[in-house]
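For the sequence shown, our numbering gives the first residue as 485, with consecutive numbering after it.
Before any comments, here is the structure.
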Amino acid sequence: MIIIKPLSQCSFSDALQAFNKGFEDYYIPVEMSLDQFICRFDVDQLSVDHSFVAFYNDTPAGIMLNGIKRVKGKKHAWNGGTSVAFLYRKMGIGEALLKATLEKYQQQGVVEASLEAFKVNEKAIHLYQKYGYEIVDTLLFLKHRGSFHASLLKKKNQLTYSLKRRLAKDIRNLPFYTYDVPWKNQFDCIHDGESFITLNEKNEEVGYLLFQKNFSSIGIVNSVTFYQGSVKEHISNSEDVLGFLLATIFNMYGPIAYNTYNVPQKRNSLLVKMLKSFGFQDLYTDEGIKLEQVFMKKQL
485 MIIIKPLSQC SFSDALQAFN KGFEDYYIPV EMSLDQFICR FDVDQLSVDH SFVAFYNDTP
545 AGIMLNGIKR VKGKKHAWNG GTSVAFLYRK MGIGEALLKA TLEKYQQQGV VEASLEAFKV
605 NEKAIHLYQK YGYEIVDTLL FLKHRGSFHA SLLKKKNQLT YSLKRRLAKD IRNLPFYTYD
665 VPWKNQFDCI HDGESFITLN EKNEEVGYLL FQKNFSSIGI VNSVTFYQGS VKEHISNSED
725 VLGFLLATIF NMYGPIAYNT YNVPQKRNSL LVKMLKSFGF QDLYTDEGIK LEQVFMKKQL
């Protein structure tokens, strides 16, 4: 017998069991300790009241994590992770979790729901489409390893721009900041996130990069992850603006590991184009599966 319960009525141990069991055979390694799992609710702005755990004969068999927040005065929701344990698939558990989630969204007055799903996970994508979700973009994981061509860095850095270094939250008031990206790519969901803002010769803010530095065990920056990059509309030299920002970071930190996380191919097309001009390439799993997600939305 399948029973769906709000996570607030379950133990975190049961929820974690459902989560880890459901992701045992996933495309990338996903396993959390109890502390990591609990911490994720704060970092990713997830809600125990709006998330659900599925039980089959009293055994945790599936989970759907959700968050709801206001964006520009309207409620938006995000599916922050769905999994069903291998032994309990094809029993309708995923569909039951999704129904409970959508009912909760309706009750809470959500106007738009979003989620991400790996492109190879066709069964999950078809289920979401059955309940009204539509694919609106492709999300890319790109990487760069090694040195950059010196002429590229020099050419893109000799421009008449200046730089402001800020925290991630400091770009929220830019008139061209976009919320139309996955939940975890937004400024308030990036732990210790930073932003670089470009100023033109008139001291106007014309572009930004949203990123996160990662450190080695001895406190040295060993990688940078990019989440967003955008330029003010109707600027003729938009490529130069983003080129300046990227070259600044690459000159600053040198030939370390650089990655993107869920960067929208269409919504952040200029950033994708500029990263590829610097030699960024697609990222693959150890099994040769291209890391690529679909960004899906449903209007309620």
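Each residue gets a CB set at the ideal place from its N, CA and C atoms; glycine is no exception.
**Request:** Following the continuous beta strand (DSSP E) through Met575, name the residue where it begins and the one where it ends.
**Result:** Element bounds for Met575: n/a, residue is neither H nor E.
**Request:** Determine the contact status of Lys603 and Glu776, defining contact as a CB-CB distance below 8 Å.
**Result:** yes
**Prompt:** If you drop the 5 nearest sequence neighbours on each side, which residues of the same chain put their C-beta closer than 6 Å to that of Lys653?
**Reply:** Phe671
**Request:** Would you mind stating whether Ile609 and Val747 have Cβ atoms separated by less than 8 Å?
**Result:** no
**Item:** Reduced DSSP secondary structure (H/G/I, E/B, other) of Leu623
**Value:** strand
**Request:** Report yes or no: do three or more beta-carbon pairs, one from the segment 712–732 and one from the segment 746–765, lie closer than 8 Å?
**Result:** yes
**Message:** Within 10 Å of its beta-carbon, does Ser517 have 16 or more other beta-carbons around it, so buried, or fewer, so exposed?
**Reply:** exposed
**Message:** Pop quiz: Asn706 and Phe699 are said to be a contact at Cβ under 8 Å. What is the actual Cβ separation, rounded to whole angstroms?
**Reply:** Contact flag correct, Cβ pair sits at about 6 Å.
**Request:** Would you tell me roughly how many angstroms separate the C-alpha atoms of Gln749 and Asp542, rounded to the nearest one?
**Result:** 42 Å
**At least 3 beta-carbon pairs within less than 8 Å: the segment 758–773 vs the segment 583–590** = As far as the Cβ criterion goes, the segment 758–773 does not touch the segment 583–590, which means the pair count is below three.
**Classification of Glu771 by the beta-carbon crowding that lies within 10 angstroms, buried from 16 upward** = exposed
**Request:** Have a look at Ser635 and Ile619 and give me their C-alpha separation to the nearest angstrom.
**Result:** 39 Å
**Prompt:** Counting Cβ pairs, one atom from each stretch, are 3 or more of them under 8 Å apart for the segment 540–555 and the segment 566–583?
**Reply:** Because the criterion of three Cβ pairs below 8 Å is met, the segment 540–555 and the segment 566–583 touch.
**Item:** Euclidean distance between Cα positions of Asp766 and Thr622
**Value:** Straight-line Cα distance between these residues: approximately 13 Å.
**Request:** Round the Cβ separation of Tyr645 and Phe734 to the nearest angstrom and send it over; I've been treating them as touching at under 8 Å.
**Result:** Contact doesn't hold; Cβ gap of about 15 Å is too wide.
**Prompt:** CB-CB under 6 Å to Val725, same chain, minus the five flanking residues each way: which ones, in chain order?
**Reply:** Thr682, Val690, Gly691 and Val715
**Message:** Restricting to Cα atoms, I'd like to know which of Glu606, Leu500 and Lys558 is closest to Pro544.
**Reply:** Leu500
**Prompt:** Around the Cβ of Met780, are there at least 16 other Cβ atoms within 10 angstroms (buried) or fewer (exposed)?
**Reply:** buried
**Prompt:** What separation, rounded to the nearest whole angstrom, lies between the Cα atoms of Tyr572 and Ala741?
**Reply:** Taking the CA atoms as reference points, Tyr572 sits about 39 Å from Ala741.
**Request:** Kindly indicate if chain D contains any beta-carbon less than 8 Å away from that of Ser722.
**Result:** Among the protein chains of the structure shown there is no chain D, as only one such chain exists.
**Item:** Own chain residues within Cβ distance below 8 Å of Arg650, not counting five before or after
**Value:** Within its own chain, the residues whose Cβ lies closer than 8 Å to the Cβ of Arg650, once the five positions on either side in sequence are excluded, are Glu678, Ser679, Phe680 and Ile681, listed in chain order.
**Message:** Once the 5 residues before and after Asp676 are set aside, which same chain residues still bring their CB inside 7 Å of it?
**Reply:** Around Asp676: Gln696.
**Prompt:** Between Asp685 and the rest of its own chain, which residues show a CB-CB distance below 6 Å, the 5 nearest in sequence each way excluded?
**Reply:** What sits at residue 685 in the sequence shown is Glu, not Asp. Annotation for Glu685: Thr644 place their beta carbon closer than 6 Å to its own, counting only its chain and skipping 5 residues before and after.
**Request:** Label Asn563 either buried or exposed according to how many other C-beta atoms from any shown protein chain fall within 10 Å of its C-beta, with 16 as the threshold for buried.
**Result:** buried
**Asked** Residue range of the beta strand (DSSP E) that Lys558 falls in?
**Response** Lys558 to Val568
**Message:** Please tell me whether Leu784 and Glu596 are closer than 8 Å, where the distance is taken between their beta carbons.
**Reply:** yes
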